[in-house]
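**Q** Residues in the sequence shown are numbered from 78 upward in steps of one, following this note's numbering. Where is the CB? At the ideal position from N, CA and C, for every residue including glycine. This one's a predicted model, so the numbers in the text were calculated from it and none came from an experiment.
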Amino acid sequence: MNAIDAIYDKVVARDPDQPEFHQAVKEVLESLEPVIEEHPEYISIIERVVEPERLIHFRVPWVDDAGEIHVNRGFRIQFNGAIGPYKGGLRFHPSVNASILKFLAFEQIFKNSLTGLPMGGGKGGSDFNPKGKSDGEVMRFCQSFMMELWRHIGQDCDVPAGDIGVGGREIGYMFGMYKRLQNEFQGGVLTGKGRSYGGSLIRPEATGYGLVYFAREMLATKGKSFEGTSVAISGSGNVAQFACEKVLDLGGIPVTMSDSSGWIHDPAGIDREKLDYIMDLKNNRRGRISEYAKKFDGVTFTAAGPEPTVNGLWGVNVDVALPCATQNELNGEEAKMLVANDLIAIAEGANMPCTPEAVEVFQESGVLFAPGKASNAGGVATSGLEMSQNSLRLSWTREEVDAKLDAIMVNIHKNAYETAKKYGRQGDYVFGANVAGFLKIAEAMQAHGVV
Ligand code: NDP
Ligand code: 2IT
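1. Can you tell me where the beta strand (DSSP E) holding Q466 begins and where it ends?
2. With burial defined as no fewer than 16 other Cβ atoms inside 10 Å of the residue's Cβ, what is the status of D396: buried or exposed?
3. By alpha-carbon positions, which one of S338, Q185, S337, G375 ends up nearest to K351?
4. Starting from M334, trace the beta strand (DSSP E) in both directions and tell me its first and last residue.
5. Taking the C-alpha atoms as reference points, what is the distance between R363 and E97?
6. Could you tell me the alpha carbon to alpha carbon distance between T403 and T333, rounded to whole angstroms?
7. Is T474 helix, strand or coil by DSSP?
8. Within 10 angstroms of the Cβ of K208, are there 16 or more other Cβ atoms? Answer buried if so, exposed if not.
9. What did DSSP end up calling I186 once you bin it into helix, strand or coil?
10. Where does I84 fall in DSSP's three states?
11. What are the start and end residues of each continuous beta strand (DSSP E) run of 3 or more residues lying completely inside the stretch 228 to 296, in chain order?
12. Could you give the DSSP three-state label for V393: helix, strand or coil?
13. Are the CB atoms of S203 and V148 nearer to each other than 8 Å?
14. Write down every uninterrupted run of the alpha helix (DSSP H) in the stretch 295 to 328 whose length is 4 residues or greater and which is fully enclosed by it, in chain order.
15. Would a C-beta distance cut-off of 8 Å place H449 and A283 closer than the cut-off?
16. Closer than 7 Å: is that where the CB of S313 sits relative to any heavy atom of ligand 1?
17. Mind reading off the beta-carbon distance from F303 to V316? Whole number of angstroms is fine, and I expect it under 8 Å.
18. How would you call N453, buried or exposed, if buried means at least 16 neighbouring beta carbons within 10 angstroms?
19. Can the beta-carbon of A513 be found less than 8 Å from the beta-carbon of T496?
20. Give the C-beta separation of G242 and H170 to the nearest angstrom, bearing in mind that I take them to be a contact with Cβ-Cβ under 8 Å.
21. Using a Cβ-Cβ cutoff of less than 7 Å, which residues in the same chain neighbour E441 once the five nearest sequence positions on both sides are dropped?
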């Protein structure tokens, strides 16, 4: 057995009940074989990089509006701090557990490295379900969560942000409690903050915009553009909404969106006015995507099955696919449906939305495929820009931040593309992103000695 396989087997043996973590580790390790041929000394780096530096697990008690006490689990995974403070989002969703957060934190190490900014990899969250909770309940939960988390984070130590179920409202409540406990205005302790207290322009838009900038670069390698291109988007949260907006800016035609209750197909296209409706529905009224089908003519709504996979969305005939909901939402069978409809490109907006079988189908059929750690890195990159602005005590204009985000995405695309080409794997963005992301981490870890 080779050394990399032995490391993977040990990861599985140590935590046999963490399938999402195994999936993420396997995908990265499979890319590192040629790196080890060049740098045999990096084997001991790989052994260390798969083990989190610190895992924090805590109780989060809170009281609902009726006076009932609830207990949730809180986590923060400080996975790798070799190139900067731990950085990564917080997810509030009932499915959250150590396996899911370890996979997300592991992916974050390489994603953050690819941005070119000094950020280590981390992730956290809770199995708290924000759906159906009042603002007061969400506030009390966020305050209780921060009452434990605050001692483990700081602007030079660990900087959380949003993810599924955590947006501007939750970041605001957590920032308020952190400020009170720490008795300091540490602007850079969280990112995704509101504009009035240190947030960056374009951070809310950044993951979706960055995803479309990356996909634009992919299409350009085939001499194509978004103009007139039909696009399937899944999800209808932060990433999906702003991906949809940027697709419209570039002349594309988004035709689908989803949430956990099902998906809509609008053959006429989701235009700006309809997108405004979705943003109000999701961000203010906190409603269900099925309401879109009642509001607009010619739209079909299909209810979801029990799995995260959205039950037919990927059967719609489109040129570009942007999965922006959750992990493992697009399986091998669905990948075959997209390929049968002559898909040109797919870029992951969510983290690991495509199963390994789906990725294999895309790669074998010659469809351009971008892994989330490259294509959704615009969110964390703009978090990095928010931290820069907080340190400078300055705030850049919308145009300045957007131009920096676009340049970062172009650079990540170039880096992943050229790294793959250098190793004779032209067009393999999975390989290129994993290797380029890893090499920077490995160099830093090697320089730091055994720590
Ligand atoms: P949001 O909470 O804003 O939106 C999530 C969307 O996905 C909602 O429409 C939600 O539906 C749907 N969804 C979530 N879980 C499931 C599920 N199990 N089955 C079906 N649908 C589901 O989250 P974000 O948009 O921020 O995040 C989406 C993805 O993008 C995640 O994978 C996240 O890790 C990734 N990401 C986010 C970044 C960010 O900056 N926010 C940066 C990089 C990646 P419902 O409301 O019904 O639950
Ligand atoms: O998955 C991700 O990159 C995020 N949820 C964003 C993390 C961040 O720190 O902005």
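**A** This is what the structure gives:
1. Per DSSP, Q466 belongs to no beta strand (DSSP E); it is in the alpha helix (DSSP H), 455 to 469.
2. It counts as buried.
3. Here the closest residue by C-alpha is G375.
4. Run containing M334: 330 to 336, per the beta strand (DSSP E) assignment.
5. Between R363 and E97, the C-alpha separation is close to 29 Å.
6. Each residue's alpha carbon lies about 16 Å from the other.
7. T474 falls in the coil class under three-state DSSP.
8. In summary, K208 is exposed, with fewer than 16 beta-carbon neighbours lying within 10 Å of its beta-carbon over all protein chains present.
9. If DSSP states are grouped into helix, strand and coil, I186 belongs with the helices.
10. In this structure, DSSP gives I84 a helical state, which the three-state scheme calls helix.
11. If we require 3 residues or more, the beta strand (DSSP E) runs fully inside the stretch 228 to 296 come out as 235 to 238.
12. Three-state result, V393: coil.
13. No, Cβ-Cβ distance for S203 and V148 is not below 8 Å.
14. Secondary structure within the stretch 295 to 328: the alpha helix (DSSP H) runs of 4 or more consecutive residues, fully enclosed, are 315 to 326 (chain order).
15. Residue 449 is actually Gly in this sequence, not His. No, they are not a contact pair.
16. It does: the Cβ of S313 is within 7 Å (strictly closer) of some heavy atom of ligand 1.
17. The C-beta separation of F303 from V316 comes to about 17 Å, leaving the pair out of contact by the 8 Å criterion.
18. Label assigned to N453: buried.
19. Taking a C-beta distance under 8 Å as the contact criterion, A513 and T496 qualify as a contact pair.
20. Right, their Cβ atoms sit about 5 Å apart.
21. So no residue of the chain qualifies.
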